[in-house]
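Okay, so here's the structure we're looking at.
In my numbering, the protein residues as written are 56 to 271.
Set out below in structure tokens:
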């Protein structure tokens, strides 16, 4: 019985070990398609109402804006010289500014807006243009890339992430690829041709979220 258990364990371990993580040697579709920002007609802020996350596109690039919910107790505000509340606004959380707050169960809740510049001059993350309405956001990780597709249409932005089954050999059609072990992980780096990229683009990007234009 123990022998069977050991064999089963080794078999399962072998499956896990054989799973691949896929990256790309260069930004998709090609590095020559690199742009500083999207076309002017797509400029503005796009918001996901469910998460309040926003993507802001300007001539300078892309900034992702998110809101972190935090709180301080009513007792702390009362006893501390750092904080004060006037009406629906709390002072002292952000230097030289106030934040709208809500008092609930003895705590003042408020949102702190974070701005993360993703694409800018000389950024490691690269934005590339596929066509008039589609772009690739290529995140750099140790010299290799993970892509994410952005698509614009009629005041909407949809985001599709690179998606595949790690247990399958789904990318055998890509002729140029290399394999290595990084931190006990089997890493495959793909270098697709134009035709191979077209297959990747149509088959391996899954829509995960959508955003609506709120400001132009």
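In this text, a Cβ means the ideal position worked out from N, Cα and C, and glycines have one as well.
Margin query: Let me check understanding here. Comparing Cα to Cα, which of 120, 196, 255 and 208 lies closest to residue 94?
Written below: 208
Does the beta-carbon of residue 263 have 16 or more other beta-carbons within 10 angstroms, so that it is buried, or is it exposed? exposed
By the 10 Å Cβ neighbour count, where 16 or more other Cβ atoms means buried, how is residue 157 classified, buried or exposed? exposed
DSSP bridge partner residues for residue 242 (one or two, in chain order)
76 and 235
*Sequence ranges, beta strand (DSSP E) only - wholly within the stretch 124-181, length at least 3*: 139-141, 144-146, 153-159 and 162-174
- Pick from 88, 197 and 86 that is closest to residue 238, judged by C-alpha positions: 197
**Request:** Kindly indicate the opening and closing residues of the alpha helix (DSSP H) around residue 252.
**Result:** 249-258
Check your understanding: How about residue 131: is its Cβ closer than 6 Å to a heavy atom in the ligand GDP?
Key -> Inclusion of the ligand GDP in the displayed structure is not the case, the ligand content being empty and no account of it being possible.
Item to check | Beta-ladder partner(s) of residue 201, from DSSP | outcome: 194
Determine the extent of the beta strand (DSSP E) in which residue 214 is found, giving its start and end residues.
211-217
message: Assuming residue 82 and residue 256 are in contact, meaning their beta carbons sit under 8 Å apart, how far apart are those beta carbons, in whole angstroms?
response: Not a contact, Cβ separation roughly 13 Å.
Subject >> Cβ-Cβ separation, residue 79 to residue 221 (assumed contact under 8 Å), whole Å >> reply: Contact flag wrong, Cβ pair sits at about 16 Å.
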